Amino acid sequence: MRTISRRDFIKLGVASAAVMAVESQLNPIAYAAEQLIEGGRSVNRTSGLPRSFLPSTCMQCPAGCGIIGYVEESHLVKIGGNTKNLSNQGTLCARGQAGINAVYDPERLLKPLKRVGARGDGRESGAWEEIEWDQAMEEVTGALTSLKSEGGSRKLVFLTEDRFEDDLGTRFTHAFGSPNAIGSLSVFGSNKAVANQITWGADGDMPDVANSKFILVFGANPLESNPQYVGMARRFINGLSSNQAKVVVFDVRLTNTSMMSNQLHYVNPGTMGLLILT
Numbered sequence: 008m009r010t011i012s013r014r015d016f017i018k019l020g021v022a023s024a025a026v027m028a029v030e031s032q033l034n035p036i037a038y039a040a041e042q043l044i045e046g047g048r049s050v051n052r053t054s055g056l057p058r059s060f061l062p063s064t065c066m067q068c069p070a071g072c073g074i075i076g077y078v079e080e081s082h083l084v085k086i087g088g089n090t091k092n093l094s095n096q097g098t099l100c101a102r103g104q105a106g107i108n109a110v111y112d113p114e115r116l117l118k119p120l121k122r123v124g125a126r127g128d129g130r131e132s133g134a135w136e137e138i139e140w141d142q143a144m145e146e147v148t149g150a151l152t153s154l155k156s157e158g159g160s161r162k163l164v165f166l167t168e169d170r171f172e173d174d175l176g177t178r179f180t181h182a183f184g185s186p187n188a189i190g191s192l193s194v195f196g197s198n199k200a201v202a203n204q205i206t207w208g209a210d211g212d213m214p215d216v217a218n219s220k221f222i223l224v225f226g227a228n229p230l231e232s233n234p235q236y237v238g239m240a241r242r243f244i245n246g247l248s249s250n251q252a253k254v255v256v257f258d259v260r261l262t263n264t265s266m267m268s269n270q271l272h273y274v275n276p277g278t279m280g281l282l283i284l285t
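Numbering-wise (our numbering), the sequence shown opens with residue 8 and increments by one.
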């Protein structure tokens, strides 16, 4: 029978705490989601109202975790993790659960806003007015038609901060005759994406840390920050607890991940690449 040392026990305790925010109060929700998917029935434990469910994808961050939306009387009342999703496997962080506010937030924009005041004035100053969608489409279409007829297609700039809109925005802008599609990768993550594509042939893959025996971490902090945070944190903890993986971390500071490592080696800022090459 394998024994566990006091040091390893404390490390696993810290590991569990690191992902507590991810899994706290989520197991009952994940279980309920699984029952629904398998054809079960769900009711609100307070009101007793029956609930239906809608599987979807969380859009609150680049991870795109699988979610279940619980619906009562045509109203979304709760968002939980989808147990059938291979990435987050039923768990969902606080930000994902707060996604319900994207539907019911009192300050949500329900119609287009048109500037009627000076540039730089806030909404409270009356610089913007609410218009109907048909009017917005007509004005935008008219402006684009005039721009193209005057030979000014390349003057169009399409801006978006949502990576899920990047592809559509790029295709539309190029079809219009302009190269000026500025998406989310133009302002963050593009250097990493290109480097990963050149080095590994893909970007955004999920490493199989759950089944690894030896994990090298160079400056990363998967238990605190990662594009696939929920799924990565779960797999990392599983690798430590179930697979007894050995973790060696190289970092400039003490992080949640380095606290759980078997070895931590401090390096000077700016020398990580040199260390890897050696």
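Even glycine gets a Cβ: it sits at the ideal position worked out from N, Cα and C.
No experiment lies behind these values; they were computed from the predicted model shown.
For residue j and residue i, the rounded distance between their alpha carbons
{"i": "residue 82", "j": "residue 59", "result": "10 Å"}
{"i": "residue 30", "j": "residue 91", "result": "Any reading at residue 30 must be qualified, since the residue scores a pLDDT of 47, below 50, and its modelled position is unreliable; no value is offered."}
{"i": "residue 239", "j": "residue 141", "result": "44 Å"}
{"i": "residue 53", "j": "residue 160", "result": "57 Å"}
{"i": "residue 70", "j": "residue 77", "result": "21 Å"}
{"i": "residue 144", "j": "residue 125", "result": "22 Å"}
{"i": "residue 88", "j": "residue 244", "result": "18 Å"}
{"i": "residue 55", "j": "residue 72", "result": "28 Å"}
{"i": "residue 137", "j": "residue 114", "result": "13 Å"}
{"i": "residue 158", "j": "residue 146", "result": "19 Å"}
{"i": "residue 111", "j": "residue 80", "result": "15 Å"}
{"i": "residue 96", "j": "residue 232", "result": "18 Å"}
{"i": "residue 200", "j": "residue 51", "result": "43 Å"}
{"i": "residue 252", "j": "residue 222", "result": "7 Å"}
{"i": "residue 168", "j": "residue 248", "result": "38 Å"}
{"i": "residue 108", "j": "residue 12", "result": "45 Å"}
{"i": "residue 68", "j": "residue 229", "result": "15 Å"}
{"i": "residue 135", "j": "residue 237", "result": "39 Å"}
{"i": "residue 128", "j": "residue 151", "result": "25 Å"}
{"i": "residue 99", "j": "residue 64", "result": "11 Å"}
{"i": "residue 272", "j": "residue 66", "result": "36 Å"}
{"i": "residue 246", "j": "residue 227", "result": "16 Å"}
{"i": "residue 284", "j": "residue 178", "result": "39 Å"}
{"i": "residue 28", "j": "residue 156", "result": "Model confidence at residue 28 stands at a pLDDT of 46, short of 50, so the residue's coordinates are unreliable and nothing is read from them."}
{"i": "residue 267", "j": "residue 84", "result": "37 Å"}
{"i": "residue 197", "j": "residue 133", "result": "38 Å"}
{"i": "residue 206", "j": "residue 214", "result": "15 Å"}
{"i": "residue 202", "j": "residue 263", "result": "26 Å"}
Rounded distance between the beta-carbons of residue j and residue i, thought under 8 Å
{"i": "residue 75", "j": "residue 62", "result": "6 Å"}
{"i": "residue 216", "j": "residue 242", "result": "5 Å"}
{"i": "residue 163", "j": "residue 175", "result": "Residue 163 to residue 175, Cβ: 15 Å. No contact."}
{"i": "residue 220", "j": "residue 187", "result": "Contact flag wrong, Cβ pair sits at about 49 Å."}
{"i": "residue 255", "j": "residue 269", "result": "6 Å"}
{"i": "residue 235", "j": "residue 94", "result": "6 Å"}
{"i": "residue 180", "j": "residue 165", "result": "4 Å"}
{"i": "residue 173", "j": "residue 184", "result": "No, residue 173 and residue 184 are not in contact; Cβ-Cβ is about 19 Å, not under 8 Å."}
{"i": "residue 204", "j": "residue 212", "result": "Their Cβ separation, rounded to whole angstroms, is 11 Å, which puts residue 204 and residue 212 out of contact at 8 Å."}
Buried or exposed (CB count within 10 angstroms, at least 16 for buried), residue i
{"i": "residue 257", "result": "buried"}
{"i": "residue 265", "result": "buried"}
{"i": "residue 86", "result": "buried"}
{"i": "residue 182", "result": "exposed"}
{"i": "residue 139", "result": "exposed"}
{"i": "residue 208", "result": "exposed"}
{"i": "residue 32", "result": "Legend: pLDDT at residue 32 = 42, less than 50; position of this residue unreliable, value from coordinates given subsequently. Residue 32 is exposed by the Cβ-count criterion."}
{"i": "residue 8", "result": "Its pLDDT being 42, under 50, residue 8 is placed unreliably in this model, and the coordinates cannot settle the point."}
Residue i, enclosing beta strand (DSSP E) - first and last residue
{"i": "residue 238", "result": "Where residue 238 is concerned, there is no enclosing beta strand (DSSP E), although the alpha helix (DSSP H) it sits in stretches over 236 to 248."}
{"i": "residue 110", "result": "Here residue 110 belongs to no beta strand (DSSP E); instead the alpha helix (DSSP H) covers 108 to 111."}
{"i": "residue 74", "result": "73 to 79"}
{"i": "residue 5", "result": "Here the chain covers residues 8 to 285 and nothing more, so residue 5 does not appear."}
{"i": "residue 117", "result": "Taken as a continuous stretch (DSSP letters only), residue 117 belongs to no beta strand (DSSP E), as it is neither H nor E."}
{"i": "residue 87", "result": "82 to 88"}
{"i": "residue 223", "result": "221 to 225"}
{"i": "residue 137", "result": "135 to 137"}
{"i": "residue 67", "result": "Taken as a continuous stretch (DSSP letters only), residue 67 belongs to no beta strand (DSSP E), as it is neither H nor E."}
Residue i: first and last residue of the uninterrupted alpha helix (DSSP H) it sits in
{"i": "residue 258", "result": "That residue, residue 258, is in no alpha helix (DSSP H); its beta strand (DSSP E) goes 253 to 258."}
{"i": "residue 208", "result": "Run containing residue 208: none; DSSP gives neither H nor E here."}
{"i": "residue 155", "result": "140 to 156"}
{"i": "residue 280", "result": "279 to 284"}
{"i": "residue 104", "result": "101 to 104"}
{"i": "residue 265", "result": "263 to 266"}
Three CB pairs or more closer than 8 Å across the stretch 117 to 136 and the stretch 99 to 107:
no
Any chance the stretch 247 to 262 sits against the stretch 272 to 280, with 3 or more Cβ pairs inside 8 Å?
yes
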